[in-house]
Amino acid sequence: MGMATSPNDAGDDVIDQFLSDRGHAVERVGWEQEYNKKQCPDCGGLHDTAASSCTVCGWEPTL
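Going by full-length UniProt numbering, 50 is the number at position 50 of the sequence shown; the sequence numbering is gapless.
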């Protein structure tokens, strides 16, 4: 364990490693939720819940 990692990061790393070992992509491929808005995980732009792509950077969720 490196000194620079916080305890909270360690669990995520283990889970990401677990998933990538099994061939899963660990990138988030869906919208983040911010109150009653959708938030682009790529640039952080906020959108109405009906949005299907980010009008700020052009990101789209991969299905």
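Virtual Cβ for every residue (Gly too), placed ideally from N, Cα, C.
- [ ] Leaving aside the five residues before and after glutamate 60 along the sequence, list all residues of the same chain whose C-beta is less than 8 angstroms from its C-beta, in chain order.
- [x] Ser52, Ser53, Cys54
Task: cysteine 57 versus aspartate 13: straight-line alpha-carbon distance, rounded - done: 27 angstroms
Task: Cβ-based burial, alanine 43 [other Cβ within 10 Å; buried from 16] - done: Reading off the sequence, residue 43 comes out as cysteine, not alanine. With fewer than 16 Cβ atoms within 10 Å of its Cβ, cysteine 43 is classed as exposed.
Open item on the list: Using a Cβ-Cβ cutoff of less than 8 angstroms, which residues in the same chain neighbour threonine 49 once the five nearest sequence positions on both sides are dropped?
Closed with: Within its own chain, the residues whose Cβ lies closer than 8 angstroms to the Cβ of threonine 49, once the five positions on either side in sequence are excluded, are Asn36, Lys37, Lys38, listed in chain order.
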